[in-house]
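Visitor: Numbering (the numbering used here), first residue to last: 240 to 391. The beta carbon of each residue, even a glycine, is placed where N, CA and C say it ideally should be. Have a look at this one.
This is the structure in structure tokens:
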């Protein structure tokens with residue numbers, strides 16, 4: 240089942256179950272997906288591919304995490320809790336992330352495969368990581384790990 244079909248199916252189940260918070264989050268995801276599809280039309284693409292949907296979801300999670308931080312600093316726990324609930328719904332559609340040990344191994348393998356010798360070769364390593372592990376690897380965490388690995 241594709242992510243698009245999954246969103247629609249989960250929306251139906253959520254509406255039947257009477258969970259307004261989850262339904263609202265799913266509607267938000269579907270609206271963002273529709274916006275992304277519309278934005279891709281000038282390029283001749285009717286619907287964005289699954290990889291782009293995953294990237295879109297990651298971006299949504301990232302922006303909500305930033306909002307949670309700001310709401311927490313602003314002493315607005317009710318808004319922070321709402322954002323946390325949205326994060327949980329969005330993350331339920333994302334592939335599971337690598338743990339730190341698997342991430343270290345993937346970085347070491349990518350360094351070996353790319354033949355990187357110094358920090359100047361970081362772009363090559365990141366390209367290998369993105370090609371092999373884009374869906375299951377948090378690139379924001381991978382960057383510092385690659386830098387640390389190459390500076391040794």
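Could you check whether the segment 277-295 touches the segment 343-352, counting it as contact only if at least three pairs of C-beta atoms, one from each stretch, sit closer than 8 Å?
Guide: no
Visitor: Return the CA-CA distance between residue 285 and residue 365, expressed in angstroms with no decimal places.
Guide: One-based indexing of the chain shown puts residue 285 at position 46. One-based indexing of the chain shown puts residue 365 at position 126. If I take the Cα positions, the gap works out to 29 Å.
Visitor: Assuming residue 332 and residue 296 are in contact, meaning their beta carbons sit under 8 Å apart, how far apart are those beta carbons, in whole angstroms?
Guide: Taking the first residue of the chain shown as 1, we reach residue 332 at position 93. Taking the first residue of the chain shown as 1, we reach residue 296 at position 57. About 6 Å separates the two Cβ atoms, so the contact holds.
Visitor: Can you tell me which of 257, 252, 248, 303 puts its alpha carbon nearest to the alpha carbon of residue 329?
Guide: Residue numbering aside, residue 329 sits at position 90 when the chain shown is read from its first letter. If we check each option's Cα against that of residue 329, 303 comes out closest.
Visitor: Touch check for the segment 271-286 and the segment 301-320: three-plus C-beta pairs under 8 Å?
Guide: no
Visitor: Note down, in chain order, each residue of its chain lying with its Cβ closer than 7 Å to the Cβ of residue 249, except the 5 sequence neighbours on either side.
Guide: Translated into the one-based positions of the chain shown, residue 249 becomes position 10. Hits under 7 Å: 265.
Visitor: Within the segment 302-359, note down every full alpha helix (DSSP H) run reaching 4 residues or more, in order along the chain.
Guide: 316-330, 339-353
Visitor: Check each candidate in 346, 247, 373 and name the one with the smallest Cα separation from residue 269.
Guide: Your numbering for residue 269 matches position 30 in the chain shown. Among 346, 247, 373, the Cα nearest to that of residue 269 belongs to 247.
Visitor: How many angstroms separate the CA atom of residue 380 from the CA atom of residue 342?
Guide: Taking the chain shown and counting its residues from 1, one reaches residue 380 at position 141. Taking the chain shown and counting its residues from 1, one reaches residue 342 at position 103. Cα to Cα, residue 380 sits roughly 9 Å from residue 342.
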